[in-house]
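This note's numbering puts the first residue of the sequence shown at 106, with every later residue one more than the last.
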Amino acid sequence: MEWTVHELAERAGISGRTLRHYHRIGLLEPDRVGSNGYRYYGPDAVARLQRILLLRDTGMPLAGIASVLAAHESPTAEIDALEAHLGQLAREREALERRITAVEHTLEMRRRGREPRMDVMLDGFNDRYETEVVQRWGREAFEASNQWWHGKSVHQQQAWKADAEALLARWRELHEDGHAPDSAVAQQHAAVHLAWFADIPGTPTHAGDAARSADMVRGMADLYESSPDFHRIFGTREAARFAANALRLHVERLSR
106 MEWTVHELAE RAGISGRTLR HYHRIGLLEP DRVGSNGYRY YGPDAVARLQ RILLLRDTGM
166 PLAGIASVLA AHESPTAEID ALEAHLGQLA REREALERRI TAVEHTLEMR RRGREPRMDV
226 MLDGFNDRYE TEVVQRWGRE AFEASNQWWH GKSVHQQQAW KADAEALLAR WRELHEDGHA
286 PDSAVAQQHA AVHLAWFADI PGTPTHAGDA ARSADMVRGM ADLYESSPDF HRIFGTREAA
346 RFAANALRLH VERLSR
């Protein structure tokens, strides 16, 4: 039994143009081309078309489908290709969810007649700290913390930022009140700061890795002390340096 382009397209629920395109790119060859120029498809071509359409329904690009079908001698080729495609779709979904969160925030602020927060508007479009986090603590740490952050609603993100701002403002208060980094009240707040780190998935403190947690805290202390961005966040350079020294002392005492 053989079918023409028109007959096969009608039965497969696709267009004749699609079949001709598949032929043109070498994805689906007809069994033969008649003297009249018509393409004829037999059982083998129909079976191949069925696999093409099944893979296409997953969203796999035609180049990927061609690779799967070309590797027919490997029984795992299709599984490997589908797993890779699933990973790509998951990454696209995460990016889309971040964009949805950013747009929801913008829409909510507009409805209130207020200006959107630029850092929230751009979350998902440009993750500013990705390179730095990956370099310091690895890709898994970034993915875990990034997924945790973007899984929050706008209100939850705002609440978390408010808590973070209060945590850092407390350091400035302690410094201005004249406390030393090794004072009981400063060390108590250092413990609160470490607990705050532990709430963030992807951090060594969240994973309970004591050695890497100490390294992370020391690294963050260095950033607090040296980065103008953190000086602004803490309120003053001196407050940031005070917090950095208190945190260093705290992890040193914990490691004894």
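We treat Cβ as the ideally placed atom computed from N, Cα and C, and that holds for glycine.
query, result
"Where Arg198 and Lys257 are concerned, what is the direct C-alpha to C-alpha distance, given to the nearest angstrom?", "15 Å"
"Just to check my reading of the structure: Gln292 and Leu354 have Cβ atoms closer than 8 Å, yes? What is that Cβ distance to the nearest angstrom?", "7 Å"
"I need the boundaries of the alpha helix (DSSP H) containing Arg144, first residue and last residue.", "Here Arg144 belongs to no alpha helix (DSSP H); instead the beta strand (DSSP E) covers 144-146."
"Counting only runs of 4+ residues fully inside the stretch 238-286, write out the alpha helix (DSSP H) ranges in chain order.", "244-255, 259-281"
"Assess, as a yes-or-no matter, whether the stretch 265-279 is touched by the stretch 321-328 under the definition of 3 or more beta carbon pairs within less than 8 Å.", "no"
"For my contact list, Arg203 and His255 are in at a C-beta cut-off of 8 Å; report their separation, rounded to the angstrom.", "5 Å"
"The alpha helix (DSSP H) that contains Met325, what's its start and end?", "315-331"
"May I have the straight-line CA-CA distance separating His336 from Arg275, to the nearest angstrom?", "14 Å"
"Just confirm the distance between the C-beta atoms of Asn350 and Pro309, as a whole number of angstroms; I'd bet it's less than 8 Å.", "Not a contact, Cβ separation roughly 21 Å."
"Cutting at 6 Å between CB atoms, please list the residues of its own chain near Leu124, excluding the five before and the five after it.", "Val110, Ala114"
"What does the alpha-carbon distance come out to for the pair Asp228 and Gly192?", "Reliability of the predicted coordinates at Asp228 is poor, the pLDDT of 46 falling under 50, and the value obtained from them is presented with this limitation in mind. Each residue's alpha carbon lies about 21 Å from the other."
"Would you call Ser332 buried or exposed, if buried means 16 or more other Cβ atoms sit within 10 Å of its Cβ?", "exposed"
"Just to check my reading of the structure: Gly147 and Met106 have Cβ atoms closer than 8 Å, yes? What is that Cβ distance to the nearest angstrom?", "7 Å"
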